[in-house]
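When we follow the UniProt record's numbering, the leftmost residue of the sequence shown carries the number 1, and every step to the right adds one.
Notes to accompany the following structure.
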Amino acid sequence: MGFITENSDGTPVLIVGGSLVGLSAAVFLSWRGVPVVVIDKHHGSSSHPRAIGFTTRTVEHFRQVGVEVPMSPQSMEPPRRARVESLAGNWTEEYPWTPGGGAYGAEQSPVQAIAITQDRLEPLLRERARELGADLRLGTELLGLTQDDGGVTATLRRRDDGHEYRMHAQYVVAADGADSGIRTGLGIERHGVGPLSVQRSILFRAPLEEYLRHGVVQFEIEQPDFRAFLTTYSDGRWVLMLSDDIERDPGQQIEVVRRAIGRTDIPIELLTTGRWKLAGLIADRFSVGRIFLAGDAAHQLPPNRGGFGANTGIDDVHNLAWKLAAVLSGCSDSRLLETYDAERRPIADLRHDQLFARADYKAYLKGSKSDTVVLDDAAIELGQLYRSTAVLGVDDSLPQAQRPDRWAGQPGTRAPHLWVTVDGHTRSTLDLIRHDWVLLSVDDRWRAAAAQVSEKLGIAIDFDQIGTDVELDEPGVFEGAYGVEASGATLIRPDGYIAWRTRTAPQDRAGELASALATTAAAAGVSTMTDAP
Numbered sequence: 001m002g003f004i005t006e007n008s009d010g011t012p013v014l015i016v017g018g019s020l021v022g023l024s025a026a027v028f029l030s031w032r033g034v035p036v037v038v039i040d041k042h043h044g045s046s047s048h049p050r051a052i053g054f055t056t057r058t059v060e061h062f063r064q065v066g067v068e069v070p071m072s073p074q075s076m077e078p079p080r081r082a083r084v085e086s087l088a089g090n091w092t093e094e095y096p097w098t099p100g101g102g103a104y105g106a107e108q109s110p111v112q113a114i115a116i117t118q119d120r121l122e123p124l125l126r127e128r129a130r131e132l133g134a135d136l137r138l139g140t141e142l143l144g145l146t147q148d149d150g151g152v153t154a155t156l157r158r159r160d161d162g163h164e165y166r167m168h169a170q171y172v173v174a175a176d177g178a179d180s181g182i183r184t185g186l187g188i189e190r191h192g193v194g195p196l197s198v199q200r201s202i203l204f205r206a207p208l209e210e211y212l213r214h215g216v217v218q219f220e221i222e223q224p225d226f227r228a229f230l231t232t233y234s235d236g237r238w239v240l241m242l243s244d245d246i247e248r249d250p251g252q253q254i255e256v257v258r259r260a261i262g263r264t265d266i267p268i269e270l271l272t273t274g275r276w277k278l279a280g281l282i283a284d285r286f287s288v289g290r291i292f293l294a295g296d297a298a299h300q301l302p303p304n305r306g307g308f309g310a311n312t313g314i315d316d317v318h319n320l321a322w323k324l325a326a327v328l329s330g331c332s333d334s335r336l337l338e339t340y341d342a343e344r345r346p347i348a349d350l351r352h353d354q355l356f357a358r359a360d361y362k363a364y365l366k367g368s369k370s371d372t373v374v375l376d377d378a379a380i381e382l383g384q385l386y387r388s389t390a391v392l393g394v395d396d397s398l399p400q401a402q403r404p405d406r407w408a409g410q411p412g413t414r415a416p417h418l419w420v421t422v423d424g425h426t427r428s429t430l431d432l433i434r435h436d437w438v439l440l441s442v443d444d445r446w447r448a449a450a451a452q453v454s455e456k457l458g459i460a461i462d463f464d465q466i467g468t469d470v471e472l473d474e475p476g477v478f479e480g481a482y483g484v485e486a487s488g489a490t491l492i493r494p495d496g497y498i499a500w501r502t503r504t505a506p507q508d509r510a511g512e513l514a515s516a517l518a519t520t521a522a523a524a525g526v527s528t529m530t531d532a533p
């Protein structure tokens, strides 16, 4: 056992967990100029591909920060699933996709969902995080955390040589998985449907492309005494999942794979196996003091055709990153960080309830059936509603989510995507949202108001005049999509969510804008404003 070095290191943000969510947090924070340290007990990605589907909103996040995800060999349409006796046996029926799924609302976005395996996405995130200056300490495990008003002290150990040392962080992002030791140490309980089963998986390579010619890539294997789930990663690798929690030797693994295929003449290369717990559990709190739970540490959601697992975690840290950056820079005070739990936990609950209202998992519900109305994927991915002090103009009568085109610029929802022309180039309105707050209006008189408020509050605001700075092909499209008149304005947060809007111009533009920004940004300093000329 190594010795402990006192106060050898420090960082504004320590991220515990270097998988998808932790690496995404490192990219999002580093892109905003926040120094981070990421620790993970492993030296690289799991040999098991695990997650494969990344939704439209996730790809939007990655696009914003310069993570270029290659196009997938699978279609951009939702993966098709069939119930079969075996690949070579009778095909009974094809499962319908969740209602209205489409391509995760692709028509409402400049991007589309992408099917890339987790073991191929994580290296891209590691590379981008390092490019942005993140300190990745792989092969390092967390031994303990203590926090006080001044920050959090972590005791760490390098697994290669056993050296232990302490690191002081102002904040900690706990992305340490479903069995999160940090969550347990904080005494945070969980709620939800609970444990479902223990899954065993067999990853193998086999030449089975002929069974993909119909476009189906997921298969429910149903035989009188054998049930399993088989899917392809569209790169020659397949995974067979079984819920019997039986340890099998290589010969037995080959036997069950052949049973699922329905043939014995196909060469099979075993790659690895896995064992994991299927559960629906949501943490009762997503933060305690300076420690924030994200990903599976905050919400354990079983895999489904809506992609609620990893994608929800990536959305967590995208929400958290701009808030940590604002507080660490001194532009906002710690009240802003309280909105992380207020905004993200209800979304996790919504997705949990939606998941168990759908065909894949509703059989696991005990007692009466769910009365939850099933929403389509575009509503869940692009039409979720945030309620917190970082949003003005949200009341209890509004639904938790609906299709994005129905919101028409409602505060608390993602800013609508419109194709626009900026400096002669075709862009999305989402491309207008970079590091800072954004104010949009047809009326150029908001420009002076934005500049005045920005100077007084010390919070950068990018103003874009619709029709001049930003051109649209059709007049009135912006007003309809964002729910404002020509004299009104929309204030968008750095994460792309609408914080406030005024349908028409108030008498005191700068005063109203200052009040809205001071409230939603939890401004560290607030001044009384007068209208700009």
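Note that the Cβ used here is the ideal one computed from N, Cα and C, for glycine as well.
This structure is a prediction, so every number in the text was calculated from the model and none was measured.
Point to revise | Strand pairing of residue 329, partner residues [DSSP] | key: DSSP output for residue 329 lists no bridge partner at all.
Review point. With burial defined as no fewer than 16 other Cβ atoms inside 10 Å of the residue's Cβ, what is the status of residue 250: buried or exposed?
Key: exposed
Practice item. Pull up the CB-CB distance for residue 275 and residue 227, whole angstroms please, since I reckon it's below 8 Å. Key: Contact flag wrong, Cβ pair sits at about 18 Å.
Check your understanding: Leaving out the 5 sequence neighbours to the left and right, which residues in its chain are closer than 6 Å to residue 462 when beta-carbon positions are compared?
Key -> 436, 438
Exercise for review: Please confirm whether residue 155 and residue 166 have their CB atoms less than 8 Å apart.
Suggested key: yes
Check your understanding: CB residue 501 to CB residue 409, shorter than 8 Å?
Key -> yes
Point to revise | Candidates 504, 151, 497, of which the one nearest residue 290 by Cα | key: When each option's Cα is compared against that of residue 290, the closest is 151.
Review point. Any contact of the segment 187-207 with the segment 308-315, i.e. 3+ C-beta pairs under 8 Å?
Key: no
Exercise for review: With distances taken Cα to Cα, identify the nearest neighbour of residue 37 among 141, 387, 513.
Suggested key: Of the listed residues, the one whose Cα sits closest to residue 37 is 141.
Point to revise | Residue span of the beta strand (DSSP E) that contains residue 286, given as start and end | key: Unbroken run through residue 286: none, as it is neither H nor E.
Point to revise | Proximal residues to residue 341 (C-beta, below 7 Å), its chain only, five neighbours per side dropped | key: Hits under 7 Å: 285, 286, 287.
Practice item. Work out the CA separation of residue 389 and residue 263 for me, nearest whole Å. Key: 59 Å
Exercise for review: On a CA-only basis, which of 281, 273, 230 is nearest residue 259? Give me that one, please.
Suggested key: Of the listed residues, the one whose Cα sits closest to residue 259 is 230.
Review point. Buried or exposed: which applies to residue 419, given that a residue is buried once 16 or more other Cβ atoms fall within 10 Å of its Cβ?
Key: exposed
Check your understanding: Is residue 533 helix, strand or coil when you go by DSSP?
Key -> In this predicted model, residue 533 has a pLDDT of only 39, less than 50, meaning its place in the structure is not dependable; the value taken from the coordinates is given anyway. Reduced to three states, the DSSP call for residue 533 is coil.
Review point. Near residue 416, what residues of its chain come up, given a Cβ to Cβ distance below 6 Å and the 5 sequence neighbours on each side ignored?
Key: 481
Review point. Who does residue 432 pair with in a DSSP beta bridge?
Key: Answer by DSSP bridge pairing: none, since residue 432 is not bridged.
Check your understanding: Could you give the distance in angstroms between the alpha-carbon of residue 406 and the alpha-carbon of residue 89?
Key -> Cα-Cα distance, rounded: 45 Å.
Point to revise | The beta strand (DSSP E) enclosing residue 166, as first and last residue numbers | key: Its beta strand (DSSP E) spans residues 164-174.
**Study point:** Selected residue, minimal CA-CA separation from residue 39, among 57, 119, 60, 172
**Key:** 172
Check your understanding: Rounded to whole angstroms, how far is the Cβ of residue 351 from the Cβ of residue 308, which I believe are closer than 8 Å?
Key -> 4 Å
**Study point:** Proximity below 8 Å, CB of residue 337 to CB of residue 34
**Key:** no
**Study point:** From 499, 505, 497, residue whose alpha carbon lies closest to that of residue 488
**Key:** 505
Exercise for review: Over the uninterrupted beta strand (DSSP E) stretch that includes residue 201, give me the two end residues.
Suggested key: Start and end: 190-205.
Point to revise | Distance between residue 381 and residue 209 (C-alpha atoms, nearest Å) | key: Cα-Cα distance, rounded: 31 Å.
**Study point:** First and last residue of the uninterrupted beta strand (DSSP E) at residue 253
**Key:** Where residue 253 is concerned, there is no enclosing beta strand (DSSP E), although the alpha helix (DSSP H) it sits in stretches over 250-261.
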